[in-house]
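Peer 1: Protein chains in written order, with this note's numbering: chain A, 1 to 261; chain B, 1001 to 1237.
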Amino acid sequence: MDLRLRIWRQKNKNTTGKLVTYELPGISPDMSFLEMLDVLNERLIEQGEEPVAFDHDCREGICGMCGLVINGVAHGPEVTTTCQLHMRHFKDGDTITIEPWRAKAFPILKDLVVDRSAFDRIIQAGGYISVSTGGTPDANAILISKESADAAMDAAACIGCGACVAACPNGSAMLFTGAKIAHLSHLPQGQPERYDRVRNMVQAMDAEGFGGCTNYGECAAVCPKEIKLDVIARMNGDLIKSTFLSSGTRKMGPNATRNGK
Amino acid sequence: MTGVMTLYQTSIGKKVVMAVTGAILLGFVFVHMFGNLKIYSGPVALNEYAEQLRYLGKPIFGHEQLLWIARVVLLGAVVMHITSAVQLTMQSNSSRPLPYSVNTRTQPAYRYASYTMRWGGVVLFLFIIFHLLHFTFGVVGYSSGQFVNPHGGVYEVYNNVVYGFMNPIVSIFYIAAMIALGLHIYHGTWSMFQTLGISNEKVSGTLRGFAAALALVIALGNISIPIAVLTGIIGLS
Ligand code: HEM
Ligand code: SF4
Ligand code: FES
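(1) Tell me whether Val223/A, by its Cβ, gets closer than 7 Å to a heavy atom of the ligand SF4.
(2) Would you tell me roughly how many angstroms separate the C-alpha atoms of Met1033/B and Ile123/A, rounded to the nearest one?
(3) Near Asp115/A, what residues of its chain come up, given a Cβ to Cβ distance below 7 Å and the 5 sequence neighbours on each side ignored?
(4) What did DSSP end up calling Thr243/A once you bin it into helix, strand or coil?
(5) Using the Cβ count rule (16 or more neighbours within 10 Å means buried), how would you classify His1060/B?
(6) Thinking just about the alpha-carbon of each residue, which of His56/A, Ser148/A, Gly237/A, Glu193/A is nearest to the one in Leu307/A?
(7) What residue range does the alpha helix (DSSP H) around Arg197/A cover?
(8) Going by other Cβ atoms of all chains shown within 10 Å of its Cβ, with 16 needed for buried, is Val231/A buried or exposed?
(9) Under 8 Å, Cβ to Cβ, is there at least one residue of chain B near Lys104/A?
(10) Run through the DSSP bridge pairs and tell me what Leu1181/B is partnered with.
(11) Check the Cβ of Gly1138/B against every Cβ in chain A and list those closer than 8 Å, keeping chain order.
(12) So, helix, strand or coil for Gly260/A, using DSSP?
(13) May I have a chain-ordered list of the beta strand (DSSP E) segments no shorter than 3 residues that lie completely inside the segment 87-114 of chain A?
(14) Please confirm whether Asn1200/B has its beta-carbon closer than 8 Å to some beta-carbon of chain A.
(15) Is DSSP giving Leu262/A helix, strand or coil here?
(16) Would you kindly check if the distance between the Cβ of Glu218/A and the Cβ of Thr1106/B is under 8 Å?
(17) Tell me whether Ser28/A is buried or exposed, calling it buried when 16 or more other Cβ atoms sit within 10 Å of its Cβ.
(18) Return the chain-ordered list of same chain residues with a C-beta closer than 8 Å to the C-beta of Gly1221/B, the five sequence neighbours on each side being excluded.
(19) Ends of the alpha helix (DSSP H) at Ile7/A?
(20) For my contact list, Gly126/A and Met252/A are in at a C-beta cut-off of 8 Å; report their separation, rounded to the angstrom.
(21) Over the uninterrupted alpha helix (DSSP H) stretch that includes Ile1128/B, give me the two end residues.
(22) For Gly1141/B, which of helix, strand or coil comes out of DSSP?
(23) Below 8 Å on C-beta distance, what does Glu147/A contact in chain B?
(24) Using Cβ-Cβ distances below 8 Å, what residues of the segment 1174-1200 of chain B are close to chain A?
(25) How big is the Cα-Cα spacing for Gly1003/B and Ser1084/B?
(26) Short of 9 Å Cβ to Cβ, which residues in the segment 218-243 of chain A face chain B?
(27) Cβ closer than 9 Å: which chain A residues qualify as neighbours of Leu1126/B?
(28) Report yes if the CB atom of Phe90/A is closer than 8 Å to the CB atom of Phe176/A, and no otherwise.
(29) Starting from the beta carbon of Gly72/A, find every residue of chain D whose beta carbon is closer than 8 Å, and list them in chain order.
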């Protein structure tokens, strides 16, 4: 199939970019979307042009690196990661517009590559449990109901790809942050720090410059791991409870102190 | 108190303010709509209702005391609701400095309501101001001699309403505003359950249904009145 691509080209963080049009004939419908871009890049290199920079790693839908906005939809027309999207979802003669994730908190580094370290800082603020090292705990020493285990696993499926932010008209990171909080909030191991965690992570999320949530639902519609809006409701509920259950801002971990003291 | 302020400083906390104040306004618009329907019981019933409102909470509260408390709470709710809405809108607007050149919504058309919340809210705000100037103070929308100020001890609320809606432009504006209110309530009510952490996968369908029913009842209940006046089902007493 023959395609026309409109791709966002941007030299670096400090310049502004623009959409550049490329003709790309002879693409097989069996190729993945990233393989199609590989073909484009090989041809660009042969012509002595700068190849298009795009992120990718596992190419099997688990690392979350390969985010692209394809024709205005994060990860394109199928609910999966870009690397798992195949060219059979497009038609011969199609024009495909490819843009990077657009969010103030995700600065564009080059072309289609964005810096998602804002997510890492949200995780650092509380997306973990504090355990003192020691002997290996016995298996099944802590009982977990099937419902809780399922709910935690569903939330834990989030791969941190950032499609939720990219798709959200508010540029909100609530689905990602909610998934990380819900994952631990459903498990017994997450309980001791549950309310400090939610407060710290929500504050970190706001500090990165993401938008607020108005429940459009665009995030859950594009999430390749089918994270549900439920995780946002749970985060909201936990944050409200935290207001009444633990006061002051307390950092997490074994040396946790209250109000920064 | 520090906990509440810490909550308010977050984006979610501002949503909680919108949800709580929204719930207050929601309770008000429902009761208000229900009261309005007394117009179908005739002039005596509606005028009496207007008078009795001044004695709300009797005998604990004196003349107009509870009414004034309600007015202050509602005004406070509107101010807090709008303040949070503006703060959150500014936060959202700055979160994506460069827009996409291709924007595709993946959500079904019935989620249209979620895209009308901000401008629809502005319409509601303008409507609230017009509504007060119109039916409460009688300074807009009437020819001279039509409006009898209910604050003077004489209650001609029934005729005030009928005269008001005999003006088709006013009626159309009310109907349009009630459609905006219906959309706002449909998304807002479900959004409220989500913000307060009440919604989850099992109940969200039911909650959406409840939101839709509430929105329809409130919007249609109010819309029926200007239509009844314009079609002559209800006339001057
Ligand atoms: C009759 C008056 C009103 C009622 C009954 C009402 C009710 C509500 C409710 C229940 C919510 C949901 C809160 C939440 O997100 O959890 C809401 C949200 C909202 N309201 Fe209102 N509201 C009213 C007037 C206004 C006005 C005058 C504005 C003006 C700016 C406004 C703007 C908004 C916005 C922007 C949202 C957030 C939208 C979203 O979450 O998608 N509202 N409203
Ligand atoms: S919630 Fe879904 S869309 Fe958002 S980062 Fe996680 S996997 Fe990606
Ligand atoms: S490259 Fe790893 S998820 Fe797509």
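The beta-carbon is built from N, C-alpha and C at its ideal position, and this holds for glycine as well. In this text the structure is predicted, and so the values were computed from the model without any measurement.
Peer 2: Reading from the atomic positions:
(1) It is Cys, not Val, that sits at residue 223/A in the sequence shown. For Cys223/A, the Cβ falls inside the 7 Å cut-off from some heavy atom of the ligand SF4.
(2) Taking the straight line from one Cα to the other gives about 47 Å.
(3) In chain order, Phe106, Pro107, Leu109 place their CB closer than 7 Å to the CB of Asp115/A, counting only its own chain and leaving out the 5 sequence neighbours on each side.
(4) Helix.
(5) According to the sequence as given, residue 1060/B is Ile; it is not His. That one is exposed.
(6) No information on residue 307/A is available, as it lies outside the stretch 1 to 261 that chain A covers here.
(7) It spans 194-207 - the alpha helix (DSSP H) in which Arg197/A sits, taken as one unbroken run.
(8) Taking every protein chain shown into account, the CB of Val231/A has 16 or more other CB atoms within 10 angstroms, so this residue is buried.
(9) For Lys104/A, the answer is yes, since a Cβ of chain B falls inside 8 Å of its Cβ.
(10) Per DSSP, Leu1181/B has no beta-bridge partner at all.
(11) Here the premise fails: no neighbours, minimum Cβ distance about 37 Å.
(12) Low confidence applies to Gly260/A: its pLDDT is 44, below 50, so where it sits in the model is not reliable enough to give any reading.
(13) If we require 3 residues or more, the beta strand (DSSP E) runs fully inside the segment 87-114 of chain A come out as 95-99, 108-110.
(14) Under the Cβ criterion of 8 Å, Asn1200/B is counted among the residues facing chain A.
(15) The question about residue 262/A has no answer, for chain A in this structure spans 1 to 261.
(16) In contact: Thr1106/B and Glu218/A (Cβ atoms closer than 8 Å).
(17) That one is exposed.
(18) Only Met1033, Phe1034, Asn1036, Leu1037 meet the Cβ criterion.
(19) Following the DSSP letters along the chain, one finds Ile7/A in no alpha helix (DSSP H) but inside the beta strand (DSSP E) bounded by residues 3-9.
(20) The pair is a contact, with the Cβ atoms about 5 Å apart (cut-off 8 Å).
(21) Element bounds for Ile1128/B: 1117-1131.
(22) DSSP places Gly1141/B in coil when its eight states are reduced to three.
(23) Within chain B, no C-beta atom comes less than 8 Å from the C-beta of Glu147/A; the nearest is roughly 11 Å away.
(24) Answer in chain order: His1187, Trp1190, Ser1191, Phe1193, Gln1194, Thr1195, Leu1196, Gly1197, Ile1198, Ser1199, Asn1200.
(25) The straight-line gap from Cα to Cα measures roughly 18 Å.
(26) Listed by position along the chain: Glu218, Ala221, Val222, Lys228, Leu229, Asp230, Ile232, Ala233, Arg234, Met235, Asn236, Gly237, Asp238, Leu239, Ile240, Lys241, Ser242, Thr243.
(27) Those within 9 Å of Leu1126/B in chain A number zero; the least Cβ separation is about 21 Å.
(28) Result no, Cβ atoms of Phe90/A and Phe176/A do not sit closer than 8 Å.
(29) The structure shown contains no chain D; its protein chains are A and B.
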